[in-house]
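Sequential numbering from -10 applies to the sequence shown in this note's numbering. Each residue gets a CB set at the ideal place from its N, CA and C atoms; glycine is no exception. The next block holds one structure in the form of structure tokens; read it before the comments.
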Amino acid sequence: MKLKSASPFIPSFDELDFEETLAAPAGADVPEAIELPPFLPRAEREPAAADTTDLVANARLAAAAEARAAADRQIERLRAEHEAALEVARRQWADELAGALSESFAQAVEEIGERIADSVGRVLLPFLGTELRDAASRALIAQIVPLFGGADGALIQVRAPADMMQALRRVFPPGQAVEFVESDGGEVRIVAGETVIETRIAAWADRLEGRGPDRRQRRPAG
């Protein structure tokens, strides 16, 4: 098979007239020229997503601020409650203290009076021994005299210490049935039938010396 060159069939672009080629044929409609903008409009870019690190940091700061505000409110509330409770406790303490001081003052005044009376009594006790016996004898004689008329001859028993026995012997008239019995104590006891007369000199002296059964227990002097 005989091959032929294809060059005769390929047009030569060097020999083409572009103006003639591109020119519109005569009588054809020429389209209006289209004016293009100097540049194409740029599409708006969507905002970039916020950094998650900043978001977390801001959230933590906001939470911390809220926590501090809540803590401050709690502290103020507790402070107000504490001040109110302290005021109530202070008033209660003042009332209790006033009552205790009033009671203690009255008791202290009473104890001071008792101590003064006891001190004076102890100082005078040695000098009052004779006076007490004389007063007891006079009171006893005043009670013995009515017995003379109502004894109807009954025996009268007299028990007394030796130093008072002589004075009592002179009280009873001669011929009166009287039995005198000396005793070791300081009291005088007279029995006439169902009538009993008895002195209380020792009891009074014991009270002066703080030995009586009716003496209250006192706190030791501090």
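Note on V177: 16 or more other CB atoms within 10 angstroms of its CB, so buried under the neighbour-count rule.
The criterion of a C-beta distance shorter than 8 Å is satisfied by F169 and M154. The straight-line gap separating the alpha-carbon atoms of R62 and E92 is approximately 45 Å. Under the DSSP assignment, R158 falls outside any beta strand (DSSP E), being part of the alpha helix (DSSP H) whose first and last residues are A151 to R158. Look at E183 here: in three-state DSSP terms it is coil, with no helix or strand label. If you compare the alpha carbons of V167, A83 and E55 with that of V147, the shortest gap goes to V167. Residue state for R79 is assigned as helix, using DSSP reduced to three classes. In the structure shown, V170 adopts extended strand secondary structure according to DSSP, grouped into three states. In this structure, DSSP gives V177 a state outside helix and strand, which the three-state scheme calls coil. Per DSSP, the beta bridge partners of I145 are V167 and A181.
The three-state secondary structure of T188, taken from DSSP, is coil.
Taking C-beta atoms as the reference points, I186 and Q165 fail to come closer than 8 Å.
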